[in-house]
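Asks:
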Amino acid sequence: GDSVTQMEGPVTLSEEAFLTINCTYTATGYPSLFWYVQYPGEGLQLLLKATKADDKGSNKGFEATYRKETTSFHLEKGSVQVSDSAVYFCALIDLTGRRALTFGSGTRLQVQP
Amino acid sequence: DVKVTQSSRYLVKRTGEKVFLECVQDMDHENMFWYRQDPGLGLRLIYFSYDVKMKEKGDIPEGYSVSREKKERFSLILESASTNQTSMYLCASTRSWAGIAYEQYFGPGTRLTVT
């Protein structure tokens with residue numbers, strides 16, 4: 001079945017540091033890929049998405065590129081802020097199969113001032 | 114502003130009780146989902162529904178059932194609560210597929226403790 005693997009956290013960075021959170025996937029079909037973010041005490045919200053190979057999703061300074069050859073969708077940000085502290089989830093959906101998201105285990109990011 | 118609401122933020126129940134978790138969305142979405150979130154495991158799909166009175170099992174349906182009598186409401190039922198069902202429960206909804214992966218909108222979650 002489909003699966004998503006994320007780097008374990010927590011990731012602790014100083015403000016203005018560069019962020020990378022690794023995400024790789026396995027899927028039988030041609031999935032769409034997502035990053036969701038969960039701020040403390042809140043539900044998940046979509047951060048960005050990409051639906052085909054080489055697409056780059058971007059939002060709020062975060063970026064991720066759909067790499068079919070390496071089955072990866074790594075999340076990056078050039079300069080993190082304290083307000084970026086949250087849990088980040090990589091996810092995929094394969095619309096030719098089960099019509100529901102498959103999530104990774106989540107990566108907690110802590111940004112220190 | 115789109116909204117998915119869940120009936121309780123925090124719930125404490127005793128082992129063996131029947132528990133109802135309610136989810137309501139105001140976006141006229143066809144698809145609704147129930148997940149549980151546990152540290153180190155991410156979100157795991159319990160059940161989902163793509164139409165009124167329709168349901169499909171997710172990855173961990175054992176010990177749970179669901180009900181969708183109206184389009185906007187999707188209920189998760191724990192028939193006989195057990196301590197291993199202590200978790201955060203998240204509801205989500207999204208538009209119908211038509212070959213496009215639409216965004217899922219999530220509720221704030223219900224933290225259920227079974228003692």
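As you go down the protein sequences, you meet chains A and B in turn. Heads up: the first sequence begins at 1 in my numbering, then just goes up one per residue. Heads up: the second sequence begins at 114 in my numbering, then just goes up one per residue. Yeah, the Cβ is synthetic: ideal placement off N, Cα and C, and Gly gets one too.
Does DSSP classify Val165(B) as helix, strand or coil?
Replies: The residue you call residue 165(B) lines up with position 52 of the second sequence. In the structure shown, Val165(B) sits in coil (DSSP, three-state: anything other than H, G, I, E or B).
Asks: Would you please state the rounded distance, in angstroms, between the beta carbons of Asp54(A) and Thr26(A)? I believe it to be under 8 Å.
Replies: Working through the first sequence from its first residue, we reach residue 54(A) at position 54. Working through the first sequence from its first residue, we reach residue 26(A) at position 26. Rounded, the Cβ-Cβ distance is 19 Å, inconsistent with contact.
Asks: Considering only C-alpha positions, which residue in the set Gly104(A), Leu92(A) and Phe103(A) is nearest to Ile213(B)?
Replies: For the purposes of this step, residue 213(B) is identified with residue 100 of the second sequence, where counting begins at 1. The shortest C-alpha separation from Ile213(B) is found at Leu92(A).
Asks: The beta strand (DSSP E) spanning Ser200(B) covers which residue range?
Replies: As a working note, residue 200(B) is residue 87 in the second sequence. Where Ser200(B) is concerned, the enclosing beta strand (DSSP E) stretches over Ser200 to Thr207.
Asks: Hey, Gln217(B) and Leu101(A): beta-carbon distance below 9 Å or not?
Replies: Taking the second sequence and counting its residues from 1, one reaches residue 217(B) at position 104. Taking the first sequence and counting its residues from 1, one reaches residue 101(A) at position 101. Closer than 9 Å, so yes.
Asks: Flag Val80(A) as yes if its beta-carbon sits less than 9 Å from any beta-carbon of chain B, otherwise no.
Replies: Mapped onto the first sequence, residue 80(A) falls at position 80. No - not a single Cβ of chain B is within 9 Å of the one on Val80(A).
Asks: What's the gap between the Cα of Val227(B) and the Cα of Asp172(B)?
Replies: Taking the first residue of the second sequence as position 1, residue 227(B) is located at position 114. Taking the first residue of the second sequence as position 1, residue 172(B) is located at position 59. Cα-Cα distance, rounded: 21 Å.
Asks: Taking only beta-carbon positions, decide if Ile93(A) is within less than 9 Å of chain B.
Replies: Within the first sequence, numbered from 1, the residue matching residue 93(A) stands at position 93. Output row for Ile93(A): interface = yes.
Asks: Glu76(A) and Ala86(A) look like a contact to me (Cβ under 8 Å); what is the Cβ gap, rounded to whole Å?
Replies: Within the first sequence, numbered from 1, the residue matching residue 76(A) stands at position 76. Within the first sequence, numbered from 1, the residue matching residue 86(A) stands at position 86. Actually they do not touch by this definition, with Cβ atoms about 15 Å apart.
Asks: Kindly indicate if chain A contains any beta-carbon less than 9 Å away from that of Tyr163(B).
Replies: Residue mapping note: residue 163(B) aligns to position 50 of the second sequence, counting from 1. Closer than 9 Å to some Cβ of chain A, the Cβ of Tyr163(B) qualifies, so yes.
Asks: Hey, how far is the Cα of Thr182(B) from the Cα of Glu169(B)?
Replies: Counted from its first residue, the second sequence places residue 182(B) at position 69. Counted from its first residue, the second sequence places residue 169(B) at position 56. Checking the sequence shown, residue 182(B) turns out to be Glu, not Thr. Each residue's Cα considered, the two are about 15 Å apart.
Asks: As a quick exercise: from Lys131(B), Glu135(B) and Glu130(B), pick the residue whose alpha carbon is nearest that of Ser188(B).
Replies: As a position in the second sequence, residue 188(B) is number 75, starting the count at 1. Of the listed residues, the one whose Cα sits closest to Ser188(B) is Glu135(B).
Asks: So what's Asp2(A) in DSSP terms, helix, strand or just coil?
Replies: Along the first sequence, one-based indexing puts residue 2(A) at 2. Three-state DSSP puts Asp2(A) in coil, outside helix and strand.
Asks: Mind checking Gln112(A): buried by the 16 CB within 10 Å criterion, or exposed?
Replies: As a first step, residue 112(A) is located in the first sequence; it is residue number 112 there, counting from the start. That one is exposed.
Asks: Please say whether Ser178(B) and Tyr160(B) have beta carbons closer to each other than 9 Å?
Replies: Reading the second sequence from its first residue, position 47 is the one you call residue 160(B). Reading the second sequence from its first residue, position 65 is the one you call residue 178(B). Going by C-beta atoms, Tyr160(B) is nearer than 9 Å to Ser178(B).
Asks: Which residue marks the beginning of the beta strand (DSSP E) containing Met145(B), and which one marks its end?
Replies: Residue mapping note: residue 145(B) aligns to position 32 of the second sequence, counting from 1. Per DSSP, Met145(B) belongs to the beta strand (DSSP E) from Asn144 to Asp151.
Asks: Are any of the Cβ atoms in chain A nearer than 9 Å to that of Glu175(B)?
Replies: As a first step, residue 175(B) is located in the second sequence; it is residue number 62 there, counting from the start. Chain A, which has no Cβ nearer than 9 Å to the Cβ of Glu175(B), makes this no.
Asks: Rounding to the nearest angstrom, what Cα-Cα distance links Ser195(B) and Lys126(B) in this structure?
Replies: The residue labelled residue 195(B) in the question sits at position 82 within the second sequence. The residue labelled residue 126(B) in the question sits at position 13 within the second sequence. One C-alpha to the other measures close to 9 Å.
Asks: Give the DSSP-derived three-state secondary structure of Thr102(A) in the structure shown.
Replies: Start at 1 with the first residue of the first sequence, and residue 102(A) comes out as number 102. Strand at Thr102(A).
Asks: From the DSSP output, in three-state form, read off Asn197(B) for me.
Replies: Here residue 197(B) corresponds to residue number 84 of the second sequence, with the count starting at 1. Asn197(B): helix per DSSP, three-state reduction.
Asks: Hey, which unbroken runs of the beta strand (DSSP E) at 3 residues or more fall wholly within the region 31-110 of chain A?
Replies: The region 31-110 of chain A contains these whole beta strand (DSSP E) runs: 32-38, 44-50, 56-59, 62-65, 75-77 and 86-93.
Asks: Rounding to the nearest angstrom, what Cα-Cα distance links Ile21(A) and Ser72(A) in this structure?
Replies: The residue labelled residue 21(A) in the question sits at position 21 within the first sequence. The residue labelled residue 72(A) in the question sits at position 72 within the first sequence. Approximately 11 Å between the Cα atoms of the pair.
Asks: Would a C-beta distance cut-off of 9 Å place Gln45(A) and Gly106(A) closer than the cut-off?
Replies: Here residue 45(A) is taken as the residue at index 45 of the first sequence, counted from 1. Here residue 106(A) is taken as the residue at index 106 of the first sequence, counted from 1. No, the Cβ-Cβ distance between Gln45(A) and Gly106(A) is not below 9 Å.
Asks: Suppose you measure from the CA of Tyr123(B) to the CA of Glu130(B); what does that come to, to the nearest Å?
Replies: Translated into positions along the second sequence, residue 123(B) becomes position 10. Translated into positions along the second sequence, residue 130(B) becomes position 17. Looking at the two C-alpha atoms, the distance is approximately 16 Å.
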